[in-house]
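K.L.:
What follows is a structure written as C-alpha cells; I'll ask about it next.
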Amino acid sequence: MNDTHASPSLTTYGIIYVALLALMAATIVAAYLPLGVFNVPIALVIAFTKTILVALFFMHVRYSGRLIWVVAAGGLVWLAILLSTYHDYLTRDWTPNRLSSEPTDRPIELLEDSRRVR
Amino acid sequence: MPIPESTLTKPTDDHPPVAHHFDDWQQQSDACLLGMWVFLVTEVMFFGGLFTAYMIYRASAPETFAVASRHLNIWLGGTNTVVLLTSSFTMALAVYAANHRQAKNLMLFLVATIVLGLTFMGIKAYEYWDKYQQGLVPIRGLEFETGVLSEHDDGHNGEQIEVPGTGDQPSISQQAVEHGPPFDRGKAQIFYGLYFVMTGVHFLHMVIGIVLLLLFLRPAARGRFTGGDFLPVELMGLYWHFVDIVWIFLFPLLYLIDRSPS
Numbered sequence: 049m050n051d052t053h054a055s056p057s058l059t060t061y062g063i064i065y066v067a068l069l070a071l072m073a074a075t076i077v078a079a080y081l082p083l084g085v086f087n088v089p090i091a092l093v094i095a096f097t098k099t100i101l102v103a104l105f106f107m108h109v110r111y112s113g114r115l116i117w118v119v120a121a122g123g124l125v126w127l128a129i130l131l132s133t134y135h136d137y138l139t140r141d142w143t144p145n146r147l148s149s150e151p152t153d154r155p156i157e158l159l160e161d162s163r164r165v166r
Numbered sequence: 108m109p110i111p112e113s114t115l116t117k118p119t120d121d122h123p124p125v126a127h128h129f130d131d132w133q134q135q136s137d138a139c140l141l142g143m144w145v146f147l148v149t150e151v152m153f154f155g156g157l158f159t160a161y162m163i164y165r166a167s168a169p170e171t172f173a174v175a176s177r178h179l180n181i182w183l184g185g186t187n188t189v190v191l192l193t194s195s196f197t198m199a200l201a202v203y204a205a206n207h208r209q210a211k212n213l214m215l216f217l218v219a220t221i222v223l224g225l226t227f228m229g230i231k232a233y234e235y236w237d238k239y240q241q242g243l244v245p246i247r248g249l250e251f252e253t254g255v256l257s258e259h260d261d262g263h264n265g266e267q268i269e270v271p272g273t274g275d276q277p278s279i280s281q282q283a284v285e286h287g288p289p290f291d292r293g294k295a296q297i298f299y300g301l302y303f304v305m306t307g308v309h310f311l312h313m314v315i316g317i318v319l320l321l322l323f324l325r326p327a328a329r330g331r332f333t334g335g336d337f338l339p340v341e342l343m344g345l346y347w348h349f350v351d352i353v354w355i356f357l358f359p360l361l362y363l364i365d366r367s368p369s
C-alpha cells in the first residue's frame, strides 16, 4: 500500500491498548489521593496523554501526511481558544467592578449580579 | 496521447474506481481523510463548548460538584471506560484487518466493536435509570431529590440538616455535612444537567456509530473492504476513536472529582 496508508504493527496496537488501560487505572488512583489543587491538572494531563496516544496510533496521525497534522493541531488550537473564554470569569474581580462592591471568588455569582442589575 | 476516461476510473488491484473529479486514487484517499478530520474538528468544537460550560460552573461551586460527582457510580463508569477503550482497540484491529485484506478478521473485529459498543450503551442506560430512581434527573416536572433527602432541603446554601440515608449509600446532604464546605442545591442540579447533556450527546454519537458499523457488516461480508479499498473502514475507525476520546475526558471530569477521603 502507499505511504498514507502505512499502519502500525499489531504489536504497536497491543502496547498502546495496554498503555491506555494503565493510564486509566492511574487516573482512578490519582482521584482517590489527597492531592488538593493538583487533582484536576493530573487528571487532565493523563486524559491528554491518552488522547495523544489514540490520535497518533489508533487514528494513524503519526503515519499521516502533514495536512492531517495541521488539521489535528488546528483543532487543538481552536479548542484552546474556546476553553480560554474561562479566563473572563477568572479575572472579573481583578479590577474594580461597579456591579459588585466586594471581591468574590465566585465568578458565576458576578454574572448573576450583573443580570440582576440589568 | 490522452488517456481515456474509462481507464482512469477503472478499478485495479491496488485501488477502487476513482471518482472523475480526482486525479488519482491517492488524491481521492487524501481528500476523504482530510474531510473526515475536518468534521472531527467541528465535533471537537461542539464538545468543547460543553466542556467550557462545565469548567465555568465547576469553578463556581467546586465543593458541590465534588459532592454531586461522588454520587455517580465509579464502578459502572470505570467498567464503561474499559469497554470503550477495548472497542477502540478492536476497531483499530478491524482497520488493520481490512488493510491487510483479512476478510474474516475484519468481520470478527467489526462484530466485536459492535458488541462492546452495545455493552457500553447498556451500562450507560442502566446508570441513567439508576439516577432516575434516585431522583437526580434535573428536568422540570421531576422532583430533584439531591440524593435521598427531600423535605429538609429548602435550597439555601450552607449547612444542611442531616437526613439519614436510605440504603448503604449516604445521602448527598449527609456527605455535604461530613465534608464541611457549603453545598449548593442549584449547582448540584447544574452538575447533573451537564452530566446528562454531555453523556447524552456522547451516547447519541455511540448510537450513530453502531448504526454505521451495522451498515458495514453486509458489504464487509461480501469482501467490499478487503479488495484494496479499506478507506470506509478507516474513516469509520477515525469516528469511533474520536467518540472514545470524548469519553476519555468525560470519565475523569464527571466521575472522578476529588474522591479522596478528607
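So the protein sequences, as listed, match chains A and B. Be aware that the first sequence starts at 49, since it is given in my numbering, and climbs by one per residue. Be aware that the second sequence starts at 108, since it is given in my numbering, and climbs by one per residue. Glycine included, each C-beta is placed from N, C-alpha and C at the ideal position.
1) Could you tell me whether the stretch 344-364 of chain B touches the stretch 228-248 of chain B, where touching means 3 or more Cβ pairs closer than 8 Å?
2) Less than 9 Å separating the beta-carbons of T193(B) and L223(B)?
3) Any chance the CB of L179(B) is under 8 Å from a heavy atom of the ligand SAM?
4) Beta-carbon separation of Y80(A) and S176(B) under 9 Å?
5) Just tell me which of L83(A), A103(A), V118(A), D136(A) has its CA closest to the CA of S167(B).
6) Mapping DSSP to helix, strand and coil, what is Q241(B)?
7) Do F196(B) and Y61(A) have their C-beta atoms closer together than 9 Å?
8) Determine, for G330(B), whether the minimum Cβ-Cβ distance to residues of chain A falls below 9 Å.
9) If I follow the unbroken alpha helix (DSSP H) through T97(A), where does it start and stop?
10) Would you verify that the beta carbon of V270(B) is, or is not, closer than 9 Å to some beta carbon of chain A?
11) Taking the beta carbon of R57(A) as the centre, do at least 16 other beta carbons fall within 10 Å, making it buried, or is it exposed?
12) Less than 8 Å between the CB atoms is what I'm expecting for M198(B) and H348(B), so what's the real figure, rounded?
13) E341(B) and L215(B) - do their beta-carbons sit closer together than 9 Å?
14) Taking W144(B) as the query, report the chain A residues whose CB atoms sit under 7 Å from its CB, ordered along the chain.
15) Below 8 Å on the Cβ atoms is my contact criterion, and I expect G155(B) with L127(A) to pass it. Report the Cβ-Cβ distance as a whole number of Å.
P.N.:
Quick answer:
1) no
2) The residue labelled residue 193(B) in the question sits at position 86 within the second sequence. The residue labelled residue 223(B) in the question sits at position 116 within the second sequence. Yes, they are a contact pair.
3) This structure simply doesn't include the ligand SAM, nor any ligand for that matter.
4) Residue mapping note: residue 80(A) aligns to position 32 of the first sequence, counting from 1. Residue mapping note: residue 176(B) aligns to position 69 of the second sequence, counting from 1. Taking 9 Å as the Cβ cut-off, Y80(A) and S176(B) do not qualify as a contacting pair.
5) In the second sequence, the residue the question calls residue 167(B) occupies position 60. The residue with the shortest Cα to Cα distance from S167(B) is D136(A).
6) Position 134 of the second sequence, counted from the start, is the residue given in the question as residue 241(B). Q241(B): coil per DSSP, three-state reduction.
7) Residue 196(B) sits at position 89 when you count from the first residue of the second sequence. Residue 61(A) sits at position 13 when you count from the first residue of the first sequence. Contact: yes.
8) For the purposes of this step, residue 330(B) is taken as the residue at position 223 of the second sequence. Judged by the 9 Å Cβ criterion, G330(B) is not in contact with chain A.
9) On the first sequence, position 49 is the one that residue 97(A) refers to. Note, T97(A): alpha helix (DSSP H), 87-101.
10) By one-based count along the second sequence, residue 270(B) stands at place 163. Any reading at V270(B) needs caution, since the residue's pLDDT is 44, under 50, leaving its predicted position unreliable; the model's value is listed next. No, its Cβ sits nowhere closer than 9 Å to a Cβ of chain A.
11) What you label residue 57(A) is simply residue 9 of the first sequence in a count that begins at 1. Note on identity: in this sequence residue 57(A) is Ser, with Arg being the wrong assignment. Per the 10 Å Cβ criterion, exposed.
12) For the purposes of this step, residue 198(B) is identified with residue 91 of the second sequence, where counting begins at 1. For the purposes of this step, residue 348(B) is identified with residue 241 of the second sequence, where counting begins at 1. Yes, they are in contact, since the Cβ atoms of M198(B) and H348(B) sit about 7 Å apart, within 8 Å.
13) Residue mapping note: residue 215(B) aligns to position 108 of the second sequence, counting from 1. Residue mapping note: residue 341(B) aligns to position 234 of the second sequence, counting from 1. Not a contact, by the Cβ cut-off of 9 Å.
14) To locate residue 144(B), count along the second sequence from 1; it is residue 37. Result: I116, V119, A120.
15) Counted from its first residue, the second sequence places residue 155(B) at position 48. Counted from its first residue, the first sequence places residue 127(A) at position 79. The pair is a contact, with the Cβ atoms about 5 Å apart (cut-off 8 Å).
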